Amino acid sequence: MTAAHVGERLLTPGEVAALFRVDPKTVTRWATAGRIGSIRTPGGHRRFRESEVKTLLAELTTEANLANGHA
Numbered sequence: 657m658t659a660a661h662v663g664e665r666l667l668t669p670g671e672v673a674a675l676f677r678v679d680p681k682t683v684t685r686w687a688t689a690g691r692i693g694s695i696r697t698p699g700g701h702r703r704f705r706e707s708e709v710k711t712l713l714a715e716l717t718t719e720a721n722l723a724n725g726h727a
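Per our numbering, residue 657 is the first one in the sequence shown, and the count goes up by one each step.
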């Protein structure tokens with residue numbers, strides 16, 4: 657973990673799913689496919705860096721707006 661990530665908020669799959677309006681299992685599949693990075697807790701649960709999640713959300717929102725003709 658780099659100094660930039662120390663103290664950064666980590667989100668659960670459920671929290672990420674709520675932001676993207678998808679099922680938590682979809683978020684897990686994205687992580688498995690490498691679409692979004694994840695960290696494993698000592699108990700084996702996935703956590704996601706808030707900054708990475710917000711970046712992906714912004715990218716997808718921009719793509720959706722461009723596809724729908726909203727610039």
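Where is the CB? At the ideal position from N, CA and C, for every residue including glycine.
These numbers come from a predicted model, not from an experiment.
Given serine 694 as reference, the closest of Leu716, Gly663, Pro669 once Cα atoms are compared: In the sequence shown, residue 694 corresponds to position 38, counting from 1. For serine 694, the nearest C-alpha among the options comes from Pro669.
Cβ-Cβ distance between glutamate 708 and isoleucine 692 below 8 angstroms: Residue mapping note: residue 708 aligns to position 52 of the sequence shown, counting from 1. Residue mapping note: residue 692 aligns to position 36 of the sequence shown, counting from 1. A contact, by the Cβ cut-off of 8 angstroms.
Bridge-paired residues (DSSP) for arginine 685: For this step, residue 685 is matched to residue 29 along the sequence shown. Arginine 685 is not bridged to any residue.
Beta-ladder partner(s) of leucine 667, from DSSP: Taking the first residue of the sequence shown as position 1, residue 667 is located at position 11. Partner(s): Phe704.
Rounded C-alpha distance that separates glycine 700 from lysine 681: If you number the sequence shown from 1, residue 700 lands on position 44. If you number the sequence shown from 1, residue 681 lands on position 25. Going by the C-alpha atoms only, they are around 15 angstroms apart.
Of the residues Lys710, Phe676, Glu671, Phe704, the one placed nearest alanine 687, counting alpha carbons only: Position 31 of the sequence shown, counted from the first residue, corresponds to residue 687. Closest option to alanine 687, Cα to Cα, is Phe704.
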